[in-house]
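Following: one structure in structure tokens, then a few remarks.
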Amino acid sequence: MNSALLQVKDLQVTVGEERKVLLDGVNLTVNPGEVHVLMGHNGAGKSTLMSALMGDPRYTVTRGQILFRGQDVTHEPADVRARLGMFLSFQTPEEIPGITLENFLRTAQGAVTGQPVKVMAFRHELARQMQALQIDPAYADRYLNVGFSGGEKKKSEMLQLLMLKPKLALLDETDSGLDVDAVKTVAAGVRAYHNADNALLIITHNAKILEGLTVDYVHVLDDARIVRTGSGALVTEILQEGFASVKGDAAK
Ligand code: ADP
Ligand code: MG
Numbered sequence: 077m078n079s080a081l082l083q084v085k086d087l088q089v090t091v092g093e094e095r096k097v098l099l100d101g102v103n104l105t106v107n108p109g110e111v112h113v114l115m116g117h118n119g120a121g122k123s124t125l126m127s128a129l130m131g132d133p134r135y136t137v138t139r140g141q142i143l144f145r146g147q148d149v150t151h152e153p154a155d156v157r158a159r160l161g162m163f164l165s166f167q168t169p170e171e172i173p174g175i176t177l178e179n180f181l182r183t184a185q186g187a188v189t190g191q192p193v194k195v196m197a198f199r200h201e202l203a204r205q206m207q208a209l210q211i212d213p214a215y216a217d218r219y220l221n222v223g224f225s226g227g228e229k230k231k232s233e234m235l236q237l238l239m240l241k242p243k244l245a246l247l248d249e250t251d252s253g254l255d256v257d258a259v260k261t262v263a264a265g266v267r268a269y270h271n272a273d274n275a276l277l278i279i280t281h282n283a284k285i286l287e288g289l290t291v292d293y294v295h296v297l298d299d300a301r302i303v304r305t306g307s308g309a310l311v312t313e314i315l316q317e318g319f320a321s322v323k324g325d326a327a328k
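At position 170 of the sequence shown (counting the first as 1) the number is 246 in my numbering, and the numbers step up by one without a gap.
Here it is in structure tokens:
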């Protein structure tokens, strides 16, 4: 029996009718309890990788495989992946007029667990997590992300993470555009979420969101492939020296 949470094997991803190759030969294994960081310059393909992992229909897998908890999900739609325990926090969270934050979370929880949501317990947990993330309780009745500031949108993504408790959290620049206090709150949310049974794959250009987490692996994506994998120390090296310094002894 395979104990890896996520296995990506020789993944090639293309977009559009002309089949422009955005990812080519990506390999990645994430085990329960691990924290992985994905770095790379703008346009390297980081968001594409996360979207493809989540089953975004804009992208086509033209080679390779994605296994999640031992199951081949390469061609499964996003809702199947979400039910299995995958979660993607977007770089730019969407505004959804007409659906309140609370209703969205309740519907999502029901959909992900396949169980009817126990309303009282849900509301209690929601209030608790909103307090932990320092979100005004009144926001539960506001339309999802509509008129939220950048920081509030990111906190609303963290709230989803804490309420839905996925097995694998893919965080795409959840810390971008946040002030120092908001980054601290988001980092605290990430720490509260993480345990020995779940795992994180985090795209970031900033070490603050990683505070208090032990980073197991750092992957550098460049030109459609992972060119370097190293330990957590690579984050500091990249932030100080830039990407050029770490690409030297590229992928084997
Ligand atoms: P990153 O997140 O690392 O900054 P992206 O994954 O967003 O990079 O983009 C990688 C490359 O793929 C970019 O050149 C981008 O323009 C291209 N790309 C991403 N999505 C699409 C799409 N839907 N259609 C066409 N090109 C795309
Ligand atoms: Mg991106």
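For each residue, glycine too, the CB sits at the ideal point set by N, CA and C.
This structure is a prediction, so every number in the text was calculated from the model and none was measured.
query: Does the separation of the CB atoms of Y215 and E228 fall below 9 Å?
result: Looking up residue 215 in the sequence shown gives position 139. Looking up residue 228 in the sequence shown gives position 152. Yes, they are a contact pair.
- prompt: Where are the alpha helix (DSSP H) runs, 4 residues long or more, that stay fully inside the stretch 262 to 325, in chain order?
  reply: 309 to 317
message: So within the stretch 149 to 200, which uninterrupted beta strand (DSSP E) runs reach at least 3 residues, ignoring any that extend past its ends?
response: 162 to 165 and 172 to 176
- prompt: Is the CB-CB distance between F177 and L220 below 9 Å?
  reply: Within the sequence shown, residue 177 is the residue found at index 101, counting from 1. Within the sequence shown, residue 220 is the residue found at index 144, counting from 1. Note that residue 177 is Leu in the sequence shown here, rather than Phe. Yes.
message: Please return the same chain residues whose Cβ sits closer than 6 Å to the Cβ of I278, not counting the five positions on each side in sequence.
response: Taking the sequence shown and counting its residues from 1, the one referred to as residue 278 is at position 202. If we look at I278 and ignore the five residues flanking it on each side, its Cβ neighbours are V113 and L247.
query: To which residues of the same chain is A300 closer than 7 Å at the C-beta, ignoring the five residues directly before and after it?
result: Counting from one through the sequence shown, the residue named residue 300 turns up at place 224. Excluding positions up to five away in sequence, the list reads V97, L98, L99, D100 and G121.
query: Is it buried or exposed for M196, if we count other Cβ within 10 angstroms and need 16 for buried?
result: To locate residue 196, count along the sequence shown from 1; it is residue 120. When all chains shown are included, M196 counts as exposed.
- request: Say yes only if the C-beta of Q167 is nearer than 8 Å to one or more non-hydrogen atoms of the ligand ADP, and no if none qualify.
  value: Looking up residue 167 in the sequence shown gives position 91. True, at least one ligand heavy atom lies under 8 Å from that Cβ.
task: Compute the Euclidean distance between the alpha carbons of M269 and L235, then round it to the nearest angstrom.
output: Position 193 of the sequence shown, counting from 1, holds the residue named residue 269. Position 159 of the sequence shown, counting from 1, holds the residue named residue 235. Residue identity check: residue 269 is Tyr in the sequence provided, not Met. Taking the straight line from one Cα to the other gives about 10 Å.
- request: Please find out if some non-hydrogen atom of the ligand MG comes closer than 8 Å to the beta-carbon of I279.
  value: The count along the sequence shown starts at 1 and reaches residue 279 at position 203. Yes, the ligand MG has a heavy atom inside 8 Å of this Cβ.
message: If you reduce the DSSP assignment to three classes, tell me which class G226 lands in.
response: As a position in the sequence shown, residue 226 is number 150, starting the count at 1. The answer is helix: DSSP assigns G226 an H, G or I state.
- prompt: Thinking C-beta only, is T261 closer than 9 Å to L181?
  reply: Taking the first residue of the sequence shown as position 1, residue 181 is located at position 105. Taking the first residue of the sequence shown as position 1, residue 261 is located at position 185. No, Cβ-Cβ distance for L181 and T261 is not below 9 Å.
Helix, strand or coil at K243 [DSSP, three-state]: Position 167 of the sequence shown, counting from 1, holds the residue named residue 243. In the structure shown, K243 sits in coil (DSSP, three-state: anything other than H, G, I, E or B).
Where E317 falls, given that 16 or more other Cβ within 10 Å makes a residue buried: Translated into the one-based positions of the sequence shown, residue 317 becomes position 241. The residue in question, E317, is exposed, as its Cβ has fewer than 16 Cβ neighbours within 10 Å.
- request: Could you tell me whether the Cβ atoms of V311 and A283 are closer together than 9 Å?
  value: Start at 1 with the first residue of the sequence shown, and residue 311 comes out as number 235. Start at 1 with the first residue of the sequence shown, and residue 283 comes out as number 207. Yes, the pair counts as a contact, with Cβ atoms nearer than the cut-off.
Integer-rounded CB distance, given that V84 should sit under 8 Å from I142: On the sequence shown, position 66 is the one that residue 142 refers to. On the sequence shown, position 8 is the one that residue 84 refers to. Going by Cβ atoms, the distance from I142 to V84 rounds to 6 Å, so yes, they are a contact pair.
- prompt: In angstroms, rounded to a whole number, what distance separates the CA positions of V294 and P192?
  reply: What you label residue 294 is simply residue 218 of the sequence shown in a count that begins at 1. What you label residue 192 is simply residue 116 of the sequence shown in a count that begins at 1. Taking the straight line joining both Cα atoms gives about 39 Å.
D132 (DSSP reduced to helix, strand or coil): Walking along the sequence shown from the start, residue 132 turns up at place 56. It is coil, neither helix nor strand.
Reduced DSSP category for M77 - H, G, I as helix; E, B as strand; rest coil: As a first step, residue 77 must be located in the sequence shown, where it is residue number 1. Because the pLDDT of M77 is 49, which lies under 50, any placement of that residue in the model is unreliable, and the number read from its coordinates should be weighed accordingly. Here M77 sits in coil by DSSP.
- request: Would you please state the rounded distance, in angstroms, between the beta carbons of A245 and L237? I believe it to be under 8 Å.
  value: As a position in the sequence shown, residue 245 is number 169, starting the count at 1. As a position in the sequence shown, residue 237 is number 161, starting the count at 1. Rounded, the Cβ-Cβ distance is 6 Å, consistent with contact.
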